[in-house]
Amino acid sequence: MENTNKKIVILLNDNDALMSLVCKKKFQKEEGWDSIITNNYDEAINKIKEIRPDIVLTNIILKSTEKNGFDLISEIRSSKDLDKINIVVFTELGQDSDIEKAKMLGANEYYIKSQITIRDLIDKVKNILLEQK
Amino acid sequence: MNNITKQDVLSFLKDHYLMQIATVSGDQPGVSVMLYTVDDDMNFYFGTHKDSFKIKNLLANPKVSAVVWEFGKIQVQINGSASPVEDSSEQAEAMEKLADSATMNSDFWPPLFRIKGGDYILMKIKPNWMRVLDLTNNTIRQEESPFIEIKL
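Read top to bottom, the protein sequences are chains A and B. Heads up, the first sequence is in this note's numbering, so the first residue is 1 and it goes up one at a time. Heads up, the second sequence is in this note's numbering, so the first residue is 1001 and it goes up one at a time.
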């Protein structure tokens, strides 16, 4: 098992704290990744600017703000300092238009929660990290 | 096994993450398998869909029985009373520990996590009775009761 020793910011769960905790613990236990749970949009973007993580894992629907995951992708991709950060969407939304929008804005990958296992998600994130090396 | 202590039981419970829990609807018992965590005072925590039959049963009658066991080790039986966890700091602590329980086995993904955030409810069981069954002895017959009541 390769340890990437990279940081991951997880924003996806301002609407599901338990899921965020489980992802964080699985990432740490199974891959040795450090994860930071952010609880709203502003906290996430501030952490991203501060830490420059390798991966941002975000939901589209955010309950804590009027902004959403699409806005986060746009803000990251429009910043010269942040635009190399990988963005993975992890969401309940499964419409083609949502997927196309996220990809058009610059998301690297888009996964629908009801169609992917946590193991597959970890493997896909790991592949992104490995390809980046 | 007769010298088993409350601390031994607590360690066993912390090393496990699934319990069978019985609730009642009228005179009809129902059993479910649940992800759980336990605190140092032997209170059990679990989460489930807020509209599940378990929750309907427990809100009407908070009495509950549960069991955690492992072949070759022990079986822990409890009776107690269940109530929703409403304090936010207690919720946060319970969720942190449930996440630990959920990640004990890398292949495990309990139905709880398929429930959308906001659709589940966290419950606490305060036991009022606890009994341990020794499962380490495999002699054909036994002379002493293998049950040990744990004082709470």
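Idealized CB from N, CA, C, for every residue including glycine. Since the model is a prediction, treat every value here as computed from it, not as a measurement.
* Asked: According to DSSP, is arginine 1131 of chain B helix, strand or coil?
  -> It is a strand residue.
* Asked: Does the beta-carbon of proline 1127 of chain B have 16 or more other beta-carbons within 10 angstroms, so that it is buried, or is it exposed?
  -> Label assigned to proline 1127 of chain B: buried.
* To do: Find the nearest neighbour of valine 56 of chain A within the set A:Ser97, A:Ser74, A:Asp96, judged by alpha-carbon distance.
  => The alpha carbon of valine 56 of chain A has as its nearest neighbour, out of A:Ser97, A:Ser74, A:Asp96, the alpha carbon of A:Ser74.
* DSSP three-state call for asparagine 86 of chain A: helix, strand or coil? -> Strand at asparagine 86 of chain A.
* Asked: Which residues in the same chain have their Cβ closer than 8 Å to the Cβ of aspartate 81 of chain A, if we skip the five residues on either side of it in sequence?
  -> Short of 8 Å from the beta carbon of aspartate 81 of chain A, and not among the five residues preceding or following it, lie these beta carbons of its own chain, in chain order: Lys49, Arg52.
* Asked: In this structure, what does DSSP give as the bridge partners for tyrosine 111 of chain A?
  -> Beta-bridge pairing links tyrosine 111 of chain A to A:Phe90.
* Asked: Per DSSP, glycine 1047 of chain B is paired with what?
  -> For glycine 1047 of chain B, which the question treats as bridged, DSSP gives the partners B:Leu1122.
* Asked: Whose C-alpha, out of B:Met1019, B:Phe1147, B:Asn1079, B:Tyr1120, is nearest the C-alpha of glutamine 1091 of chain B?
  -> Taking only the C-alpha atoms, the option nearest glutamine 1091 of chain B is B:Tyr1120.
* Asked: Over what stretch of residues does the beta strand (DSSP E) that includes phenylalanine 1147 of chain B continue unbroken?
  -> Element bounds for phenylalanine 1147 of chain B: 1147 to 1150.
* Cα-Cα separation, valine 1031 of chain B to methionine 1130 of chain B -> In this structure, the alpha-carbon of valine 1031 of chain B lies about 18 Å from that of methionine 1130 of chain B.
* Asked: Comparing alpha-carbon positions, which option in B:Gln1028, B:Glu1144, B:Phe1071, B:Asp1039 lies nearest valine 1064 of chain B?
  -> Ranking the options by Cα distance to valine 1064 of chain B, first place goes to B:Gln1028.
* Does lysine 1116 of chain B come within less than 8 Å of chain A when only Cβ atoms are used? -> It does: the Cβ of lysine 1116 of chain B has a partner Cβ on chain A nearer than 8 Å.
* What's the gap between the Cα of lysine 1014 of chain B and the Cα of lysine 84 of chain A? -> Each residue's alpha carbon lies about 42 Å from the other.
* Just how far apart, CA to CA, sit arginine 1114 of chain B and methionine 1104 of chain B? -> Taking the straight line from one Cα to the other gives about 18 Å.
* To do: Under 7 Å between beta-carbons, which chain B residues line up against asparagine 15 of chain A? List them in chain order, please.
  => Scanning chain B for C-beta atoms nearer than 7 Å to the C-beta of asparagine 15 of chain A yields Gly1117, Gly1118, reported in chain order.
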